[in-house]
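One structure is given here, and the rest of the page talks about it.
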């Protein structure tokens, strides 16, 4: 997705189940769909594809800003159709490693802060097609590229997960590869539920994006341009641009009042620092320290009628559920607005988005400073000038 593309933030969820059929050779489906669930133990977003010959289900943690799909090839990877990619292949990106004429890249796990080096491989991959409203046949790609990871880099992933699904701004990411294989636009729409009991979904390709109760959620959405960071925000080769998605937040308001913050922190500097990054590997919003202090100070002052209780890690501001008024948008708390490219384009957050049930009877403000993990070993490495980014909660 280029810098002029748009990211749809979908607010409702539906799980489209994979049909129990063999993949077809349909070449040009209108769109594809992947189910997404939230793992209760790790809070990771997990999807599932079918891969290899014969096809087997493969669970992957979704990383919206990762460069490619990687799978643990050390444990239980058996296929009659996998092929290593040569360094001369057009699949092999310009910046790569090469050993024995085999293309190599570095899969990394931004949850447990580890990385490794692995071969680029192709194999059969099968996924559910859709017309945007109803599930279609399972379709397959004969030579879908991915990178071989290891058991070491797989540590910290949710139970049963053996790799990560990268949706970032690269030619090897899932959106780019699906678009190339099936000749539809290189775009995707993602719905991530905050609940472990309510499923989500990722659409690749053209809309409509029809979810229950029979609503095309692409129609009423407000859009904001995505911003490319020219400096890599993750591990990889020196000189690469970031594969992460950034949005242009201009100011932050609570109950209509703008926070007194250093707005230069909201822009990406020449060194690639600052800005607002979309993340699916951080369970909660992570803020630069001075922004966090201004944000929590204002929010807490305007939150009245409730009793503060002991903090529940990693959160600092927690309250007894008694005293909160419940509405269709969650508990009634100060409204948070991220003002984007104009005053009329606002990402508003209410109680259902901003408050987290940290334990029974306790609600916490779901925002943290730099300590709120997990942190990426490059992205959140502390330097003399402090933390580098804060990530918007999915």
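In mature numbering (1 follows the signal peptide of the UniProt record, and there is no 0), the protein residues as written are -26 to -1, 1 to 368.
Yeah, the Cβ is synthetic: ideal placement off N, Cα and C, and Gly gets one too.
Going by beta carbon distance, what residues of the same chain come within less than 8 Å of residue 283, once the five residues before and after it are set aside? Closer than 8 Å at the Cβ level, and outside the excluded window around residue 283, lie 292, 293, 294, 336.
Exposed unless 16 or more other CB atoms sit within 10 angstroms - verdict on residue 113: buried
For residue 308, collect the residues of the same chain with a Cβ closer than 7 Å to its Cβ; drop the 5 residues on either side in sequence, then sort them by chain order. So the qualifying residues of the chain are 228, 229, 273, 276, 277.
Rounded to the nearest angstrom, what separates residue 182 and residue 330 at their Cα positions? In a straight line, the C-alpha of residue 182 is about 31 Å away from that of residue 330.
Taking contact to mean at least 3 C-beta pairs separated by less than 8 Å, is the stretch 240 to 247 in contact with the stretch 154 to 171? no
Whole-Å CB distance - residue 220 paired with residue 200, under 8 Å assumed: 7 Å
Just to confirm my understanding: we take residue 133, look at its own chain, exclude 5 residues before and 5 after, and list those with CB closer than 6 Å. What are they? none
Whole angstroms are fine: how far does the CA of residue 118 sit from the CA of residue 94? 10 Å
Top-ranked residue by Cα proximity to residue 135, from 314, 217, 21: 21
Residue 67 versus 78, 74, 57, residue with shortest Cα-Cα distance: 78
My guess is that residue 124 and residue 42 are in contact by the Cβ rule of under 8 Å, so how many angstroms apart are they, rounded? That pair is no contact at about 15 Å.
Beta carbon of residue 7 nearer than 8 Å to that of residue 175: yes
Close Cβ partners of residue 54 (< 7 Å) along its chain, the five nearest in sequence each way excluded: 27
Is the Cβ-Cβ distance between residue 157 and residue 2 less than 8 Å? Contact: yes.
For residue 305 versus residue 279, is the C-beta spacing smaller than 8 Å? no
Identify which residue in 198, 197, 218, 196 has its Cα closest to the Cα of residue 205. 218
So what's residue 125 in DSSP terms, helix, strand or just coil? helix
Is residue 265 helix, strand or coil when you go by DSSP? Residue state, collapsed to three classes: helix.
Which partner residues of residue 292 appear in the DSSP bridge assignment? DSSP lists 283, 338 as the bridge partner or partners of residue 292.
Using the DSSP secondary-structure output, state which residues sit across from residue 257 in a beta bridge. According to DSSP, residue 257 bridges with nothing at all.
Which word fits residue 84, buried or exposed, when buried means at least 16 other C-beta atoms lie within 10 angstroms of its C-beta? It is buried - the Cβ of residue 84 has at least 16 other Cβ atoms within 10 Å.
Beta-carbon contacts of residue 164 that lie in its chain and below 6 Å, excluding the five residues immediately before and after: 176
Only counting the same chain, and skipping five residues up and downstream in sequence, which positions put a Cβ closer than 6 Å to that of residue 56? The residues are 95, 97.
Give me the Cα-Cα distance between residue 46 and residue 149, rounded to the nearest whole angstrom. 21 Å
Bounding residues of the alpha helix (DSSP H) (the contiguous stretch that carries residue 151): 148 to 156
DSSP bridge partner residues for residue 22 (one or two, in chain order): 33
Beta bridge counterpart(s) of residue 304 as assigned by DSSP: 301
Please classify residue 72: is it buried, with 16 or more other beta-carbons within 10 angstroms of its beta-carbon, or exposed? exposed
Rounded to whole angstroms, how far is the Cβ of residue 37 from the Cβ of residue 153, which I believe are closer than 8 Å? Not quite, the Cβ-Cβ distance comes to about 19 Å (not below 8 Å), so this is no contact.
Leaving aside the five residues before and after residue 237 along the sequence, list all residues of the same chain whose C-beta is less than 8 Å from its C-beta, in chain order. Excluding sequence neighbours, residue 237 sits near 224, 225.
In angstroms with no decimal places, state the Cα-to-Cα distance between residue -1 and residue 33. Annotation note: pLDDT 48 at residue -1 (below 50); position unreliable, coordinate value reported separately. Going by the C-alpha atoms only, they are around 24 Å apart.
Just the C-alpha distance for residue 109 and residue 102, rounded to the nearest angstrom, thanks. 7 Å
In chain order, what are the residue ranges of uninterrupted beta strand (DSSP E) at least 3 long that sit wholly in the stretch 60 to 110? Within the stretch 60 to 110, the complete beta strand (DSSP E) segments at least 3 residues long are 71 to 73, 76 to 79, 92 to 104, listed from N- to C-terminus.
The beta strand (DSSP E) that contains residue 225, what's its start and end? 225 to 228
When the Cα atoms are used, what is the spatial distance from residue 24 to residue 30? For residue 24 and residue 30, the distance between alpha carbons rounds to 5 Å.
Per DSSP, cross-strand counterpart(s) of residue 344: BP columns for residue 344 are empty, so no partner.
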